[in-house]
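Enquirer: Okay, handing you the structure first.
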Amino acid sequence: MPLSLKDRLDASAAAAEARLDAALAGAALPGERVRPERLMAAMRHGALGGGKRLRPFLVMESAALFGIPADGAVTVAAAVECIHCYSLVHDDLPAMDNDDLRRGRPTVHRAYDEATAILAGDGLLTLAFDLLAGDDAHPDPVVRVALVRALARAAGIGGMVGGQMLDLAAEGRFSGGAALALDAPAIRDLQAMKTGALLALSAEAGALLGRAGAAERAALQAYGRALGAAFQIADDILDVEGTAEEVGKKVGKDAAAGKATLVSLLGLDAARALLDGLVAEATTALGPFGARGAILAEAARFVAARRS
C-alpha cells in the first residue's frame with residue numbers, strides 16, 4: 002500500500018534531520034581546526050528539531066521521479082534546508098523582523114545572542130555548499146556544480162536575498178519609514194524571490210540529480226514556481242487568520258509592519274481564489290509524470306490548506 006503524504010513528509014523529514022544532525026556534529030572535519038561549541042549549539046538550535054521540512058521533501062520526491070532513492074538525494078535535501086534555516090535565523094534578527102519565536106521556541110538570537118545568531122546563520126549558509134561539494138551529494142562533479150550554481154542563484158542576489166531586500170524596501174526602511182504601495186506584479190516578484198525561489202529550486206533539484214531532460218526539468222520548475230507562490234499566499238492568510246500557537250511564531254506581523262501582501266492588496270476572498278488557481282497550475286505542471294506525480298500534486302494541496 003502506498004505511503005500517505007503525511008508518511009512521506011515524516012520520512013523525508015526524519016532523513017533530512019539525521020543528515021543535518023551528522024553534518025552539525027561537534028568533531029572537526031579535515032580542513033577544519035576546531036568547531037566552537039557555542040556556535041555549533043546555536044546552529045543546531047536553528048536547524049534541528051522543528052519545521053515541516055517541506056524543501057527536503059520536494060528534493061527527495063522530485064528525485065524519486067527519476068529513480069533516485071532517498072539516500073541518494075538526502076545530502077542535497079539537507080543542503081537546501083541549511084539555506085532555509087540560515088535565512089530564518091537571519092530574518093528573525095532585530096535588524097530584520099525582530100522575532101522572538103520560531104517553530105514554537107525562542108529564536109536563535111534570543112536563545113543565545115545576536116552576534117552568535119549572525120555567525121550561526123553564516124555557518125549554515127556555508128555548510129550548504131560544503132555538503133553539495135561532496136561525493137555523497139552526487140557522484141558526478143558536473144551534476145554537483147550544476148546544483149551549486151542553481152542553489153546559489155535561488156538563494157542569492159536575484160533570489161531569496163534579493164527578495165528580502167525588496168521586502169525591507171517595501172516596508173519603508175529606506176524611504177523615511179513610509180511603506181511603499183506595491184501593485185500585484187511587484188508583490189508577486191518580491192514573493193517569488195524571497196520565498197518562492199528556494200521552493201522552486203527544491204523541486205528542480207530532483208531533475209538535476211536525475212539528469213532529467215529539458216521538458217521534465219521545465220515541468221518541475223513550473224510546478225515549483227506555482228507551489229512557491231501558493232505557499233506564500235497561504236502564509237500571508239495564516240498571518241491574518243492564524244494563531245501563534247498554530248503557526249509557531251508571532252502572527253499579525255505583516256499588518257503591523259505595513260507589509261504589502263496579496264492578501265492586503267486583494268482581500269482574503271480574492272487571495273484564496275488566487276491560491277486555488279496556483280494549486281491547479283502546480284498540479285497541471287506535473288502532467289508529464291502521470292500518476293508518478295500524484296504525491297507532489299497532493300503536496301501542493303497540502304501547502305494551500307496548512308494551518309502551520
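Be aware that the sequence shown starts at 2, since it is given in the working numbering, and climbs by one per residue.
Ideal placement from N, C-alpha and C gives every residue a C-beta, glycine not left out.
1. Any idea if S13 is buried or exposed, counting beta-carbon neighbours within 10 angstroms, 16 or more meaning buried?
2. Please say whether A43 and A129 have beta carbons closer to each other than 8 Å?
3. In this structure, does DSSP put R212 in helix, strand or coil?
4. Leaving out five residues before and five after H46 in sequence, what residues of the same chain have Cβ atoms less than 6 Å from its Cβ?
5. Within the continuous alpha helix (DSSP H) that includes T117, where are the two ends?
6. So G135 and T76 are supposed to be a Cβ contact under 8 Å. How far apart are they, rounded?
7. How should K260 be labelled, buried or exposed, when 16 other C-beta atoms within 10 angstroms of its C-beta is the threshold for buried?
8. Can you name the start and end residues of the alpha helix (DSSP H) that T196 belongs to?
9. Rounded to whole angstroms, what's the CA-CA distance from G32 to V146? Just pull it up for me.
10. Can you tell me which of the three DSSP states P57 falls into?
11. Could you tell me whether the Cβ atoms of E62 and I238 are closer together than 8 Å?
12. Does the Cβ of I84 have 16 or more other Cβ atoms within 10 Å, making it buried, or fewer, making it exposed?
13. Please report the Cβ distance between L181 and A171, rounded to the nearest whole angstrom; I am assuming they are in contact, meaning their Cβ atoms lie under 8 Å.
14. Enumerate in chain order the residues of its own chain whose CB-to-CB distance from G288 is below 8 Å, with the five nearest sequence positions on each side excluded.
15. May I have the straight-line CA-CA distance separating H210 from H139, to the nearest angstrom?
Expert: Taking the coordinates as given:
1. Burial call: buried.
2. No; because the gap between Cβ atoms is not below 8 Å, this pair is not in contact.
3. Reduced to three states, the DSSP call for R212 is coil.
4. The residues are V109 and A112.
5. Note, T117: alpha helix (DSSP H), E115 to A134.
6. G135 to T76, Cβ: 7 Å. Contact.
7. Sixteen is the threshold: when 16 or more other Cβ atoms of the shown chains lie within 10 Å of the Cβ of K260, as they do, the residue is buried.
8. Segment: none, T196 is in no alpha helix (DSSP H) and carries neither H nor E.
9. Approximately 21 Å between the Cα atoms of the pair.
10. Looking at P57 - three-state DSSP - the assignment turns out to be helix.
11. Against a cut-off of 8 Å, the Cβ pair of I238 and E62 comes out as no contact.
12. Buried: at least 16 other Cβ atoms inside 10 Å.
13. L181 to A171, Cβ: 5 Å. Contact.
14. Excluding residues within five positions, the ones whose Cβ falls inside 8 Å are A220 and G294.
15. The question names His, yet the displayed sequence has Leu at residue 210. Going by C-alpha positions, L210 is about 7 Å away from H139.
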